[in-house]
Amino acid sequence: MAALRGSTNGYQLSAYDVDLQDDPPLTGFSARTKPKEFVAKARAIIELVKLTKLKVSLEDFVVTRTAAGDLSRETPVEWRYTTTVGHGNHQAVWTLIVDMDIVAPGQAGNGPDRTHVGYSCWKNGFDAVPRINGHIFVEYLPASR
């Protein structure tokens, strides 16, 4: 596994992480004028579709959290999608989440110390799938959960 560029806590990229940062990472005005937010959210959805085999787009998700950001006082920062698959004894519930996190380099926590669009999925019930967490790393996001 490779270390995340710009990380000061030694975060190692997992198989579910994608680094979309420029080399070297953009900062300040450059990062804000060349945002990768939409590309990162689209990539998160692509990764979720690959993992779950569900046919979903961001429009299928419900906004579950907003926050004040650079562009608006109510910027969506977390989306959730839940669906039931199968029937009878083979019924299961998939839960998918996409979120935006602004994290300062070196900030303490359990995850990466770089700004990212995160995604998670898990399935409860028949043929359960444990929670999978992934990150799409970018230099700038307009708001954070």
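In this text, residue positions in the sequence shown follow our numbering: the first is 863, and each later residue adds one. Where is the CB? At the ideal position from N, CA and C, for every residue including glycine.
Can you look up residue 906 in the DSSP assignment and give me helix, strand or coil?
Helix at residue 906.
Beta carbon of residue 954 nearer than 8 Å to that of residue 986:
Yes, they are a contact pair.
Roughly how many angstroms lie between the CA atoms of residue 829 and residue 956, to the nearest whole one?
Because the chain is modelled from 863 through 1007, residue 829 falls outside the range shown and cannot be assessed.
For residue 894, which residues of its own chain have a beta-carbon under 8 Å away from its beta-carbon, when the five flanking residues on both sides are left out?
Apart from the 5 residues on each side of it in sequence, residue 894 sits with its Cβ closer than 8 Å to the Cβ of 932, 1002 in its chain, given in chain order.
Go to residue 893, then tell me how far its alpha helix (DSSP H) extends in each direction, as first and last residue.
Segment 890-895, the alpha helix (DSSP H) holding residue 893.
Please classify residue 881: does DSSP put it in a helix, a strand, or coil?
The answer is strand: DSSP assigns residue 881 an E or B state.
What is the residue span of the beta strand (DSSP E) that residue 982 lies within?
First-last of the beta strand (DSSP E) with residue 982: 978-987.
Thinking C-alpha only, which one of 1005, 990, 1000, 946 is nearest residue 906?
Checked all of 1005, 990, 1000, 946; the closest Cα to residue 906 is 1000.
Have a look at residue 903 and residue 952 and give me their C-alpha separation to the nearest angstrom.
In this structure, the CA atom of residue 903 is about 31 Å from the CA atom of residue 952.
Could you tell me which residues DSSP pairs with residue 994 in its beta bridges?
Note: residue 994 sits in a beta bridge opposite 983.
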